[in-house]
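Q: Below are the structure tokens for one structure; questions will follow.
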Amino acid sequence: MKDEAGAPGSFAGLSLSRPRVMGIINVTPDSFSDGGETLAANDAIRRGRRLRADGVDILDVGGESTRPGAKPVDAATEIARVVPVIEALAGEGAPVSIDTRHAPVMAAAIAAGARIVNDVTALTGDPDSLKVVAAADVSVVLMHMLGEPGTMQDDPRYDDAARDVFHYLKGRVAACEKAGIARHRVAVDPGIGFGKTVDHNLRILNRLDLYRGLGCPLLIGLSRKNFIARLSHGEPPKQRLPGSIAAALAAFQHGVRLFRVHDVAETVQAFKVWQAVEAGRAPPAENK
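Under my numbering, read the sequence shown as residues 4 to 291, first letter to last.
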């Protein structure tokens, strides 16, 4: 296990003394791995409750797909999709994140009970995003994406993928602080699969320690990503769980403590077993 001296100790009120799992709830018809399965609000709410039973720490609700080639959605449609789900789940005490790049959606989601804004554009996609987040008592995840979802995988290029992404995120953290969003409210995500080739993704994952220099918690989304299939036998998204968990455990060793996933129960189990083996003992509450 790598040295964690100086690592941020919490995010959005959650201690980072252990891995935290963010469960994905796509209220969209076209997400890359489970599009359409949770489009109806009642289905999305039921999924959220199931993920809580599975041990999830944060529920990430999104109403616009950001998969490669995805078409944009207007804010009104997005709000209609996500607000009933957020109201229901937050009303039951669940920590909820809103996955959006649009300021009106952020504002509506926060009013509905969301505690975290998770923005694939790092608060650059809407000129009002910084202002909305700064004015609210919420946390934010800043993600790196090269280009737009519709074109981001069209020949992405970097001088040094890991370092280029680091400098971008460093600038966005600074922009947040300038706007009045304190660093302790910010987590960063290097954006695996968002405008990056397989080699770019691997270089970033191999150098995750670099991002700890930002002084913010690291969040990463590896679940069912295309690079896993490219490294294996071309499996479809739902058959990428073993690779997703392998990549998550490797990222955990490099200091990542927030993980955005589809398969919550399996990921929670993997982390519990990993930590027990590393410690040579079961956690006290489970030590029989």
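Note that the Cβ used here is the ideal one computed from N, Cα and C, for glycine as well.
1. Please classify HIS265 as buried or exposed, where buried requires at least 16 other C-beta atoms within 10 Å of its C-beta.
2. Can you tell me the Cα-Cα spacing of ASN29 and ASP163, whole angstroms?
3. Using the C-alpha atoms, what's the distance from ALA251 back to ALA8?
4. If you draw a straight line from the C-alpha of ASP63 to the C-alpha of ILE184, how long is it?
5. Who are CYS121's beta bridge partners in DSSP?
6. Note down the Cα distance separating ARG233 from ARG227, rounded to an integer number of angstroms.
7. Just mark LEU45 as buried or exposed, buried being the case when its beta carbon has 16 or more other beta carbons within 10 Å.
8. Locate the alpha helix (DSSP H) running through PHE262, then write down its first and last residues.
9. Spatial neighbours of GLY65 within its chain, please: C-beta separation below 6 Å, excluding the five flanking residues on both sides.
10. Helix, strand or coil: which one does DSSP assign to ALA249?
11. Verify whether the separation of the beta carbon atoms of MET109 and VAL144 is less than 7 Å.
12. Taking the continuous alpha helix (DSSP H) assigned at VAL88, which residues delimit it?
13. Threshold first: 4 residues or longer. Then list the alpha helix (DSSP H) segments lying entirely within the segment 137 to 199, N to C.
14. Hey, ILE89 and VAL99: beta-carbon distance below 7 Å or not?
15. So, at 7 Å on beta carbons, what are the nonlocal neighbours of THR270 in its own chain, with the 5 sequence-adjacent residues on each side left out?
A: With the given structure in hand:
1. buried
2. 32 Å
3. Confidence in ALA8 is poor, its pLDDT being 46 and thus under 50, which makes the residue's placement unreliable; the coordinate value appears in the next sentence. So the two alpha carbons sit approximately 21 Å from each other.
4. 21 Å
5. Note that residue 121 corresponds to Asn in the displayed sequence, not to Cys. Beta-bridge pairing links ASN121 to ASP102, VAL144.
6. 11 Å
7. Residue identity check: residue 45 is Asn in the sequence provided, not Leu. ASN45 comes out exposed.
8. That residue, PHE262, is in no alpha helix (DSSP H); its beta strand (DSSP E) goes 261 to 264.
9. ASN29, ASP102
10. helix
11. no
12. 78 to 94
13. 164 to 182
14. yes
15. VAL24, ILE248, ALA251, PHE262, VAL264
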